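Student: First the structure, then my questions, so here it is.
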Amino acid sequence: MKTVAIAIICKTPEPGKSKTRLSPPLAPEQCAAISSCFIRDLSSNIRALAATAPVAGVALYTPAGSEERLARLLPDDFAFVPQSDGDLGARLDNGIRDILARGHAGAIVVSSDSPTLPHAYFARAVEHLLAEDCVVLCPAIDGGYTFIGLSRPHPELFTDMPWSTEVVHARTVEKARALGLPVHELPIWYDVDDRDTLAVLAADLAGEALPFEREASSRPAPATAAFLAALGSVETTVSIPAPVAAAREATAP
1 MKTVAIAIIC
11 KTPEPGKSKT
21 RLSPPLAPEQ
31 CAAISSCFIR
41 DLSSNIRALA
51 ATAPVAGVAL
61 YTPAGSEERL
71 ARLLPDDFAF
81 VPQSDGDLGA
91 RLDNGIRDIL
101 ARGHAGAIVV
111 SSDSPTLPHA
121 YFARAVEHLL
131 AEDCVVLCPA
141 IDGGYTFIGL
151 SRPHPELFTD
161 MPWSTEVVHA
171 RTVEKARALG
181 LPVHELPIWY
191 DVDDRDTLAV
201 LAADLAGEAL
211 PFEREASSRP
221 APATAAFLAA
231 LGSVETTVSI
241 PAPVAAAREA
251 TAP
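The opening residue of the sequence shown carries number 1 in the working numbering; numbering runs sequentially from there.
Take a look at the structure:
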């Protein structure tokens, strides 16, 4: 049976090196702790999806030598693929190549910072990747994407990209179109990068309104929920950058 790998791109949590943009309000030890919660919850949700969809869990991880510590956060059946050197684009491109070389029909690389991503979004991405050579994107509210899916390597999608800016998603769509690749857009979601998006996560887990239309049910994230319950409330001022809306309109059928 053909399978699509869902790879969590992650750094093994360590105080002072994990989720540093969350400090403040979090202390370095808390940043590492919530990163561990994200990885634990997202990987558990991927494993649960495998009961109904042809997917396999992968950790696209760094640093080398941290496998034993990271394994404590992951289901037993997750594979380990080390990240390469280079910028984020090089690590994404090389990671996808390495995953496809293991015999998977497609590769989805997802941020470790999106522990509640709906199963429905992954399932739709898997269907597209098994059907054709295409690009599947789940846009993020900050203008990037929470995951990208490919069935073949396309290094052009990852070169000359202004990473960590609000135009990453839009530029990726432009590059895919220039290559003649079909682009399948999923509903917008979020990843947790700062205080504002931490508050979005808290609202999500509490079942409250989000700063975008929720088109599928969030997945449970029990480890993260327990951490946030102990942390307390955080106010949110997050908004959706204009480039995301523009790119979604451009790729709408």
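Ideal Cβ placement from N, Cα and C applies to all residues, glycine included. On a predicted model such as this, the values are computed, not experimentally measured, just so you know.
Within a Cβ cutoff of 8 Å, which residues of the same chain sit near P162, ignoring the five residues on either side of it in sequence?
Tutor: Around P162: V168 and R171.
Student: What's the call for L179, buried or exposed, on a 16-neighbour Cβ count within 10 Å?
Tutor: With fewer than 16 Cβ atoms within 10 Å of its Cβ, L179 is classed as exposed.
Student: In chain order, which continuous runs of the beta strand (DSSP E) of length 3 or greater are located wholly inside the stretch 91-143?
Tutor: As far as the stretch 91-143 is concerned, its whole beta strand (DSSP E) runs of at least 3 residues are 106-111 and 135-139.
Student: Whose CA, out of A5, A7 and S35, lies closest to the CA of V223?
Tutor: The identity of residue 223 in the sequence shown is Ala, whereas the question assumes Val. If we check each option's Cα against that of A223, S35 comes out closest.
Student: Grouping DSSP H, G and I as helix and E and B as strand, with all else coil, what is T251?
Tutor: Bear in mind that a pLDDT of 46 at T251, under 50, signals an unreliable position, so the model cannot answer this.
Student: Is it the case that the Cβ atoms of A216 and P75 are separated by a distance below 8 Å?
Tutor: No.
Student: Taking the alpha-carbon positions, what's the F231 to Y190 distance?
Tutor: The amino acid at residue 231 is misidentified as Phe; the sequence shows Leu. So the alpha carbons of these two residues sit roughly 20 Å apart.
Student: Might you give, ordered along the chain, the residues of its own chain that have their beta carbon closer than 6 Å to the beta carbon of I46, omitting 5 neighbours on each side?
Tutor: Answer for I46: I6 and G57, listed in chain order.
Student: Locate the beta strand (DSSP E) running through V4, then write down its first and last residues.
Tutor: Looking at the DSSP string, the run of the beta strand (DSSP E) that includes V4 is V4 to K11.
Student: Thinking just about the alpha-carbon of each residue, which of L42, L100, Q30 and E127 is nearest to the one in H184?
Tutor: Answer by Cα proximity: E127.
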